[in-house]
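Right, one structure below, let's go through it.
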Amino acid sequence: LTLNELDIGDYRTFFKLTPPLRSEDDRVAMVEALAEGLIDVVGSFHTPQDEEEKRLPFEEAASGAVGLETLLPAAMQLHHAGHLTLPALWRALALNPARLLGLDAGRLAPGAPADLVLFDPDTPFVLDRATLRSKSKNTPYDLRRLQGRVLATWVGGREVYRREAP
């Protein structure tokens with residue numbers, strides 16, 4: 724929803740993803756469908772690949788990239804560009820996926836699991852793949868300026884991540 728086929732540039736394999744990047748017209752149509760409620764869910768398709776699997780010619784390289792750590796900042800690009808409201812974004816990222824999967828999650832309510840993310844929605848940062856916690860570091864967002872840095876995460880009320888001070 725934030726990248727298109729032109730981002731592939733010189734066929735850098737970090738941009739070989741599943742599904743593959745499409746035209747800008749296709750990307751815009753998907754964003755419009757999300758904004759209009761025709762698309763209910765946005766997911767990361769978190770499929771990081773071993774560095775060696777990405778050090779091959781583009782056609783031979785494995786498809787995939789880190790998605791869990793980049794989903795929120797990437798999705799926040801849609802909000803900051805004026806394409807989606809924050810409530811629409813939260814529905815697509817949390818509420819709707821939980822509802823469709825029959826999970827008691829994705830919402831703030833008494834008795835619901837305390838699965839929370841604390842993030843800074845506005846302060847820009849440059850994503851450096853070396854700082855990713857995933858074992859694999861391949862991401863098309865490496866060295867891109869983003870907003871929506873995650874500061875802390877709780878799962879079931881237990882803190883599982885806190886960003887270290889720079």
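Under my numbering, think of the first position of the sequence shown as 724, with each following residue one higher.
We treat Cβ as the ideally placed atom computed from N, Cα and C, and that holds for glycine.
No experiment lies behind these values; they were computed from the predicted model shown.
- [ ] Give the range of the beta strand (DSSP E) segment to which valine 754 is assigned.
- [x] Position 31 of the sequence shown holds residue 754. Segment 747-758 is the alpha helix (DSSP H) holding valine 754; no beta strand (DSSP E) there.
TODO: Using a threshold of 7 angstroms, state whether the C-beta atoms of proline 863 and phenylalanine 737 are closer than that.
DONE: Along the sequence shown, read from residue 1 onward, the residue named residue 863 stands at position 140. Along the sequence shown, read from residue 1 onward, the residue named residue 737 stands at position 14. The answer is yes: Cβ separation under 7 angstroms.
Task: Same chain, Cβ closer than 8 angstroms to valine 849, five either side skipped, listed in chain order - done: Locating residue 849 in the sequence shown gives position 126, counting from the first residue. A distance below 8 angstroms between beta-carbons, with the five flanking residues on each side excluded, links valine 849 to the following residues of its chain, in chain order: Leu866, Arg867, Arg868 and Leu869.
- [ ] Less than 8 angstroms between the CB atoms is what I'm expecting for leucine 839 and tryptophan 877, so what's the real figure, rounded?
- [x] Stepping through the sequence shown from its first residue, residue 839 is reached at position 116. Stepping through the sequence shown from its first residue, residue 877 is reached at position 154. About 5 angstroms; that satisfies the 8 angstroms criterion.
Open item on the list: Pairs of beta-carbons, one from the region 758-765 and one from the region 814-821, closer than 8 angstroms: are there three or more?
Closed with: yes
- [ ] Return the CA-CA distance between proline 743 and lysine 777, expressed in angstroms with no decimal places.
- [x] Position 20 of the sequence shown, counted from the start, is the residue given in the question as residue 743. Position 54 of the sequence shown, counted from the start, is the residue given in the question as residue 777. So the two alpha carbons sit approximately 15 angstroms from each other.
- [ ] Name the two residues that bound the continuous alpha helix (DSSP H) containing alanine 927.
- [x] With the chain running from 724 to 889 in the structure shown, residue 927 is simply not present.
Open item on the list: Tell me the DSSP secondary structure of arginine 856 in three-state form.
Closed with: Along the sequence shown, read from residue 1 onward, the residue named residue 856 stands at position 133. In the three-state scheme derived from DSSP, where H, G and I count as helix and E and B as strand, arginine 856 is classed as coil.
Open item on the list: From the DSSP secondary-structure annotation, give me the bridge partner or partners of glutamate 783.
Closed with: As a first step, residue 783 must be located in the sequence shown, where it is residue number 60. DSSP, once it has assigned bridges, lists no residue as partnering glutamate 783.
Task: proline 847 in three-state terms, based on DSSP - done: Along the sequence shown, read from residue 1 onward, the residue named residue 847 stands at position 124. Reduced to three states, the DSSP call for proline 847 is strand.
Task: Environment of arginine 852 [buried if 16+ CB atoms lie within 10 Å] - done: Taking the sequence shown and counting its residues from 1, one reaches residue 852 at position 129. Result: buried.
Task: Interface flag, phenylalanine 848 vs chain C, CB-CB below 7 angstroms - done: As a matter of chain content, chain C is missing from the structure shown, which is built from one protein chain.
- [ ] Measure the CB-CB distance between valine 842 and leucine 807 and report whether it falls below 7 angstroms.
- [x] Translated into the one-based positions of the sequence shown, residue 842 becomes position 119. Translated into the one-based positions of the sequence shown, residue 807 becomes position 84. The question names valine, but residue 842 is phenylalanine in the sequence shown. It is not a contact, given that the beta carbons lie outside the stated cut-off.
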